[in-house]
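Asks:
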Amino acid sequence: MKIIEVQGLTKIYKAHKSTLKALENVSFSVNKGEFVAITGPSGSGKSTLMNILGCLDRQSFGMYYLKGEDVSRYKGNALAKLRNRSIGFIFQSCDLVSELTAEENVWLPLYYRGVPAKERKALALEALEQVGLSDRANHLPKTLSGGQRQRVAIARAIASKPDVILADEPTGSLDCQSRDEIIGLLKQTVANGNTVIAITHDLTLANSAQRMLTIRDGRLHQEG
Ligand SMILES: Nc1ncnc2c1ncn2[C@@H]1O[C@H](COP(=O)(O)OP(=O)(O)OP(=O)(O)O)[C@@H](O)[C@H]1O
Ligand SMILES: [Mg+2]
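This note's numbering puts the sequence shown at residues 832 to 1055.
#1: Per DSSP, what kind of secondary structure is residue 832 in: helix, strand or coil?
#2: Where do the N-terminal and C-terminal ends of the beta strand (DSSP E) with residue 1047 fall, by residue?
#3: Helix, strand or coil for residue 1050, going by three-state DSSP, please let me know.
#4: Could you check the C-alpha separation between residue 805 and residue 977 for me, to the nearest Å?
#5: Which word fits residue 969, buried or exposed, when buried means at least 16 other C-beta atoms lie within 10 angstroms of its C-beta?
#6: Following a CB-centred definition, is residue 1036 positioned closer than 8 Å to any heavy atom of ligand 1?
#7: On the criterion of 16 or more Cβ atoms from any shown chain inside 10 Å, does residue 880 qualify as buried, or is it exposed?
#8: Report the CB separation of residue 1042 from residue 865 in whole angstroms; it is logged as a contact under 8 Å.
#9: Would DSSP call residue 877 helix, strand or coil?
#10: Reducing DSSP to helix, strand and coil, say where residue 950 ends up.
#11: Can you give, in chain order, each stretch of the beta strand (DSSP E) that sits fully within the segment 963 to 1019 and has at least 3 residues?
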C-alpha cells in the first residue's frame, strides 16, 4: 500500500526579484513499512522535500498524496490535524522542550491530539520502553546525553503511531556509538511495522535503508 506518492513535485522559492528552484519535477512513492533514505549534497533540496512531505510547507507545482489523499486540499487547522495524525518528526538537533520531562515530551503530540491523560501516559511509557529509556522517564532533557535525547525524540515520533516517520539527519549531531544505537533503533522501528524516511549524509544510515533516493540540484537522480 502506498503511504506517500509525489508526482512532478516542484518547489520555487521567491525572494525579492530572484527565484530559486529548490525541487524540480520530483516523483516517487513510498510503501507502508518501507525504510527509505534520501541523500544528496548540501543545498540539493532534501529539507525542502522533507518539509513538503511533513506538511510543513507546500509545493509550487505537482501533486502530493498522503494515504491517497491530495494534501493540497487541506488548509490551516485541517492541515495541522492531518500532520499531527499522520507524521512523526525526528530532527537533527533534538527539539525537546527543556522544561518538560522525557515522558512529557513524548506525550506532547498526543496531548495536542486530544488523547486523554491516562492513555497518553501509557503510550509514552510504552514508547520510552521501546527505546530503552524507561528508567529516564522523569528526567529533564538537560540531564540526558545527546544519544539519549535523540532516543526520546524517536520515542516521541513512534508514540503517536504515525503513518510515516520523517527524520532529517537523525544521526547528524551524534558520536559513533550513539549513532549506531540510533540506526539500530530506526531499524527496529521499521521492523515493528513503521514507515521511515530519513534524510542523511551518514552512509551507514543510508545503507541501512531498503532504498536510497539521491537528490542533486533539486532533481531525483537515482532510485533503487
Ligand atoms: N525558505 C527558503 N527561502 C529561499 N530559499 C531557500 C529556503 N529554504 C531553502 N532554500 C534554498 O533551497 C535550496 C535547497 O535547500 P535545502 O534546505 O532543501 O537543502 P538541503 O539539501 O536540505 O541542504 P543541507 O544538506 O545543507 O541541509 C538551497 O539553495 C537553499 O538555499
Ligand atoms: Mg537540510
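Virtual Cβ for every residue (Gly too), placed ideally from N, Cα, C.
Replies: With the structure as the only source:
#1: coil
#2: 1042 to 1047
#3: strand
#4: Residue 805 is absent from the structure shown; the chain starts at 832 and stops at 1055.
#5: exposed
#6: no
#7: buried
#8: 7 Å
#9: helix
#10: helix
#11: 995 to 999
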